[in-house]
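Numbering (the numbering used here), first residue to last: -8 to 374. Just so it is clear, CB atoms sit at the ideal spot from N, CA and C, and this is done for glycine as well. Quick notes on the structure that follows.
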């Protein structure tokens, strides 16, 4: 079970989206796959992945705790965390294949027969008007989803509050939420992702304005560096019948522990691409469970992250539901071989095949190589 190769694979799937993967091959011919997608940072991911073979070729693929240890203070930050998380995913895939068992069984067994999904409609909205968001939301509900999420305030940023366009952009965001709520009706959950675009005071005002839409949760109103403000915002949201969710870009139990201790969120959103992979997600979820906090894994990217997230969520008792990027591209299944868990219909059944149960189609990275984006989707300030 020695590692023979580690390869980065970047795949372009839409004019605004690349997905990034890490493939690990052992000397006995097993191949595992993990996802490391980090929008607009494909070159940095590839460079970080190129460092791994020098250190890890010849290493025992079974010693994941040594090979994939996450250090939150790593100089390369989220890029490093994404590559290590993908490595952990790939090694779990290999472990399951070697044992002849699906990953969720290797994790100790599933605690549910299927995983509830909610639809992130954000990238599937062709026309970013209230009507465009409403159309996408109706499409998700018609497909069987009982909850939908949108990011209505992009590209607003609170530092631009003096701009004459700020208030108009904020009002347009509220109009988008109103249109989605009207489109799906009272029985469907609606979540709003703020992408850290508010100051503490602006977030408080936004929570007050959003309360009339009876949201299931408000997500990432301010950066996690401001835990005291997030705790206050959670109280405001709870008083209005809503939850507060966040922490999608943190890494390792050490990164999540202060957030959990502060009781900042009702719902934590560890991403298996960034948090350190399966092992770290289980540790994070266990600590959250002790504090009575649900997790809803962040999962708005490609099919490999989705498949790993389904395995993980199936085996975690306090995993409430799983995000899925709805309606962005048919290549979600088209670039894969094997058993990709459902990303439609509102639930994903558990894969039965050994390991992950699916793999990146051979040669797809040559057929559809990743391409540099001229600007970040919606907001060039994101890099």
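- Residue 327 has 351 as its beta-bridge partners, per DSSP.
- Contact annotation: residue 291 and residue 314 have beta-carbon atoms nearer than 8 Å.
- A contact between stretches requires three or more CB pairs, one per stretch, nearer than 8 Å, and the region 258 to 274 meets this requirement with the region 61 to 78.
- For residue 249, the three-state secondary structure derived from DSSP is helix.
- Positions of the beta strand (DSSP E) runs, each at least 3 residues long and wholly inside the region 264 to 341, are given as 313 to 316, 327 to 329, 338 to 340 in order along the chain.
- Remark: three or more beta-carbon pairs, one from each stretch, lie closer than 8 Å, so the region 95 to 113 and the region 297 to 305 are flagged as touching.
- Per DSSP, the unbroken alpha helix (DSSP H) holding residue 122 starts and ends at 121 to 133.
- Short of 6 Å from the beta carbon of residue 218, and not among the five residues preceding or following it, lie these beta carbons of its own chain, in chain order: 253, 255.
- In this structure residue 180 touches residue 137 by the C-beta definition: roughly 6 Å separates them, less than 8 Å.
- The beta carbon of residue 316 sits closer than 7 Å to the beta carbons of 111, 114, 291, 292 from its chain, once the five residues preceding and following it are set aside; these are given in chain order.
- Shown here, residue 105 sits in a strand according to DSSP, grouped into three states.
- No Cβ-Cβ contact shorter than 8 Å links residue 170 with residue 204.
- When DSSP reads this structure, residue 11 sits in a beta bridge with 1.
- In the three-state reduction of the DSSP assignment, residue 22 falls in the strand class, which pools E and B.
- By the C-beta density criterion, residue 8 is buried, having at least 16 other C-beta atoms within 10 angstroms.
- In this chain, residue 176 is not harboured by any alpha helix (DSSP H), its DSSP state being neither H nor E.
- Contact annotation: the region 136 to 153 touches the region 175 to 190, with at least three C-beta pairs closer than 8 Å.
- Distance check between residue 365 and each of 30, 224, 216, 91 places 30 closest, using alpha-carbon atoms only.
- Rounded to whole angstroms, the Cβ separation of residue 52 and residue -8 is 5 Å, and the two are in contact under 8 Å.
- Only buried fits residue 71, as 16 or more other CB atoms lie within 10 angstroms of its CB.
- The continuous stretches of alpha helix (DSSP H) do not include residue 210, which lies in the beta strand (DSSP E) extending over residues 208 to 210.
- Here the alpha carbons of residue 246 and residue 349 stand approximately 30 Å from one another.
- The beta carbon of residue 173 lies closer than 6 Å to none in the same chain, with the five residues before and after it left out.
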